[in-house]
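Take the sequence shown: its letters are residues 0 to 310, numbered as in numbering that gives the first Met the number 0. Beta carbons are placed, not taken as given, at the ideal position from N, Cα and C, and that holds for glycine.
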Amino acid sequence: MENNEYIIQILNLSKSYGNVHALEDVSFNVKKGAILGLLGPNGAGKTTIVNILTTLLKPDKGTALVSGFDVAKNPSAVRSRIGLAGQFAAIDENLTGRENLELAGTLYHLERNVVKERSQKLLEEFSLTEAADRQAKTYSGGMRRRLDVAASLIGEPEILFLDEPTTGLDPHSRNELWLIIEALVKKGTTVLLTTQYLEEADRLADRIIIINEGKIVAEGTAKDLKSNIGTSVLQIHVPDRQKMPALANLLYGFNPVSDAAGELVSVPITGGSKMLLEVITKIEAAGIELADIELRKPTLDEVFLSFTRKP
């Protein structure tokens, strides 16, 4: 199974909790120096994968290698090569930013002078020098997330696991963290990123895996995944919102996707101009008045919905 091209290798990974199958025969690889985006709705199995790869959880079946080491057979070797920033900032709010980094360095069993040197370097790289000696409880949400990611890098890991790192952040703080992640990858760090923000995966990930109900339902580049649902999307808006369910039902055979607000119906156009004409003719024949109609490129949101929506 081992291949030097891949820094993470997973084969037939499964995990269950009683009758609930969190993962079912999941297999994928991650190349060195790449960003893999792992997408899926709540409860899809994303965090279970991260917990197994970071040795926090043992699989029921299958094999997972991280930097060539089996996560179940050699967890200590795996832990020495990875960093993890979870969904919630794992920092001590009563310690200062500097003290949090130095504590993380101590847990990695680094020498005292190395801990101090790396802590200072990370404070500078993450724009936290001015707040370095303030208690973390005085930090904003964005600052806490930056500190959490910085702490996960104190051991200079080969692989960084980011489990929904920007949840709850405002757009400015989210963009700051994106820039940091992109800079890390340029230096050679491999990143496995779980996220529910489609824009985040679209911008950062070299490759995307969509997981739903414990199984991989799609994978590829953002461009490839978008092309799977059609070269273009017809976006339809009717003036009477009460007509939206009828419109969705009318177009059921064309795999329509309704937006969360119930104001738009989008139809992937997979059959060129002939299919486009067929959709519009069907709407006119049903006597449904249109407020607006637009033909555009598909988004990753539509890919996500097409692969994860319930039948």
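| Query | Result |
| --- | --- |
| Is Leu168 closer than 7 Å to Gly141 when the C-beta atoms are compared? | yes |
| Whole angstroms are fine: how far does the CA of Lys222 sit from the CA of Val302? | 10 Å |
| Assuming the contact rule is C-beta atoms closer than 8 Å, Gly104 and Arg133 should be a hit. Round their C-beta distance to whole Å, please. | Between Arg133 and Gly104 the Cβ distance is about 19 Å, and since that is not below 8 Å, they are no contact. |
| Do Ala63 and Ile81 have their C-beta atoms closer together than 7 Å? | no |
| Going by beta carbon distance, what residues of the same chain come within less than 8 Å of Leu109, once the five residues before and after it are set aside? | Arg117, Ile153, Gly154 |
| For Arg145, which option in Ala130, Pro156, Glu157 has the closest C-alpha, if you only look at C-alpha atoms? | Ala130 |
| For Leu22, which of Leu94, Ile292, Thr46 has the nearest alpha-carbon? | Thr46 |
| Assuming Ala245 and Ile210 form a contact by the criterion Cβ under 8 Å, report the distance between their Cβ atoms to the nearest whole angstrom. | Going by Cβ atoms, the distance from Ala245 to Ile210 rounds to 33 Å, so no, they are not a contact pair. |
| Check the DSSP bridge columns for Ile192 and list the partner residues they point to. | At residue 192 the sequence reads Leu, which differs from the Ile that was named. DSSP output for Leu192 lists Gly36, Leu161 as bridge partner(s). |
| By the DSSP assignment, the beta strand (DSSP E) with Leu10 in it spans what residues? | 5-16 |
| Going straight from the alpha carbon of Ala290 to that of Gly270, what length do you get? | 24 Å |
| Exposed or buried, Leu178, counting other C-beta atoms within 10 Å across all chains shown (16 or more means buried)? | exposed |
| Tell me which residue opens and which closes the beta strand (DSSP E) that Asp24 is part of. | 19-30 |
| In this structure, what does DSSP give as the bridge partners for Lys281? | Lys281 pairs with nothing; no bridge assigned. |
| Could you tell me which residues DSSP puts in a beta bridge with Ala63? | Ile9 |
| So Val25 and Ile48 are in contact, right, with Cβ under 8 Å, and what is the actual spacing, rounded? | 7 Å |
| Round the Cβ separation of Ala204 and Gly36 to the nearest angstrom and send it over; I've been treating them as touching at under 8 Å. | 3 Å |
| Whole-angstrom Cβ separation of Ser231 and Ile268, contact assumed at under 8 Å? | 5 Å |
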